[in-house]
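Heads up: the structure comes next, in structure tokens.
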Amino acid sequence: MILAIFFFKFEWAEAICEKFWVLTSHEKSHIAITQRSLQTGLIAAGRYRETKRRRYLKRLRQMIVTLKNVKKLKGAKVTHQSRILEAEELSLRKSKDIRGVQNAYDEAIKAAAEAGHLHEAALTAELAGEFFLRSKRNTYVQDYFVQALGFYEGWGAHSKANDLRQRHALYTASSKSDKLNMRASSHSMLIPNTVQDMSTSRRTTVDLISVFTPPQSMVGSSVSEKGSRMQGDTDQQQQQHKPRHLAQRHHQTQTQQPQQNMRHNHHQQHEMQQKHDEVDADDDDVSVLTGGS
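Reading the sequence shown from the start, the letters are residues -15 to -1, 1 to 278 in mature numbering (1 follows the signal peptide of the UniProt record, and there is no 0).
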């Protein structure tokens, strides 16, 4: 229900509210009464803007009376809550006193902030901005929306702050950084530089660039190891190629050796044939000398 109120889903909030208050009607504690009155009043104001049904305006005024009575009994702790509803009621009147409405919102924002209720101060500032936007008093719109963003961010409601930026981008880009953030969002940046741990016990900011960037020593050792691996691969390849080269040379030697032997044998046979012919010739000459004519 609270989320529905903060995101201005008042019809949905009304449906939840009716069931929730029936279940908790027996609860009479101070917190239950004040929160019930504030939330019911905010829903009634929102529904009156949407439907213009007077029963919602009547309900809003009833919640203001309830909070004023609680204030008389319990003190000033609910001052900001009653002032929020009073500012809303003034903004719904047909004959609006713009200055009076502005003062009412300012007092409610200040009271909520001083009480430490940043979420209610943020919502009131946003409601004030919406009022001036409807009234076409754009001079004040940006101031209240930017103020609301500050309270939402301080409260930790980053999703709500982003919702306000998206719905009223023209009035929330008050600085160069905001414009850059809007431009980044419009381009759907998927990997931000930081992530936040939004646990209730602690909130830390982690710089992803530092986390995923290795130190220089690691980079140096990695490069050295890579170089050693590359040199080892080269040596291994050379060793693999070396036996193949030797095998090729050995194969060539074995192939050439028989050819050389054959040429050598052929040469020896040729020389022996020549000597044999010479011997035969000599024999012929002897026979001639001895065999007569």
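Built from N, CA and C at the ideal position, the CB exists for glycine as well. None of the values given here were measured: they were computed from a predicted structure.
{"Check": "My output table needs one value for Ala110: the three-state DSSP class, helix, strand or coil.", "Outcome": "helix"}
{"Check": "Leaving aside the five residues before and after His104 along the sequence, list all residues of the same chain whose C-beta is less than 6 Å from its C-beta, in chain order.", "Outcome": "Trp140"}
{"Check": "Considering Cα atoms alone, identify which of Glu3, Leu149 and Glu138 is closest to Phe130.", "Outcome": "Leu149"}
{"Check": "Looking at the structure shown, is His15 part of a helix, part of a strand, or coil, going by DSSP?", "Outcome": "helix"}
{"Check": "What are the boundary residues of the alpha helix (DSSP H) that Ser67 is part of?", "Outcome": "Thr64 to Ser76"}
{"Check": "Should His15 be labelled buried (16 or more other beta-carbon atoms within 10 Å of its own) or exposed?", "Outcome": "exposed"}
{"Check": "Can you check which of these residues, Gln151, Ala96 and Leu77, is closest to Ser120 by C-alpha distance?", "Outcome": "Leu77"}
{"Check": "According to DSSP, is Leu193 helix, strand or coil?", "Outcome": "Its pLDDT being 30, under 50, Leu193 is placed unreliably in this model, and the value from its coordinates should be taken loosely. In this structure, Leu193 counts as helix in the three-state DSSP scheme."}
{"Check": "To the nearest angstrom, report how far apart Ala96 and Thr64 are at their CA atoms.", "Outcome": "7 Å"}
{"Check": "Would you be able to state if there are at least three C-beta pairs under 8 Å between the segment 133 to 147 and the segment 101 to 115?", "Outcome": "yes"}
{"Check": "Check for me: the alpha helix (DSSP H) holding Met(-6) runs from which residue to which?", "Outcome": "The sequence as given places Phe at residue -6; Met does not occur at that position. Phe(-6) to Leu8 is the span of the alpha helix (DSSP H), which, as asked, contains Phe(-6)."}
{"Check": "According to the neighbour-count rule (16 or more other Cβ atoms, all chains shown, within 10 Å of its Cβ), is His261 buried or exposed?", "Outcome": "Its pLDDT being 48, under 50, His261 is placed unreliably by the model, and the measurement read from it follows with that caveat. Its Cβ having fewer than 16 others within 10 Å, His261 is exposed."}
{"Check": "Distance check for Ala(-12) and Trp(-4), CA to CA, integer angstroms please.", "Outcome": "7 Å"}
{"Check": "Note the first and the last residue of the continuous alpha helix (DSSP H) segment covering Leu128.", "Outcome": "In the sequence under discussion, the amino acid at residue 128 is Asp, which differs from the Leu named in the question. Per DSSP, Asp128 belongs to the alpha helix (DSSP H) from Asn123 to Trp140."}
{"Check": "Going by beta carbon distance, what residues of the same chain come within less than 7 Å of Lys59, once the five residues before and after it are set aside?", "Outcome": "His15"}
{"Check": "Helix, strand or coil: which one does DSSP assign to Met(-15)?", "Outcome": "coil"}
{"Check": "Going by alpha carbons, who is nearest to Asp82 out of Tyr137, Phe(-8), Glu138 and Phe117?", "Outcome": "Phe117"}
{"Check": "By DSSP, does Gly85 sit in helix, in strand, or in coil?", "Outcome": "helix"}
{"Check": "Give the secondary structure of Lys37 by DSSP, where H, G and I count as helix, E and B as strand, and everything else as coil.", "Outcome": "coil"}
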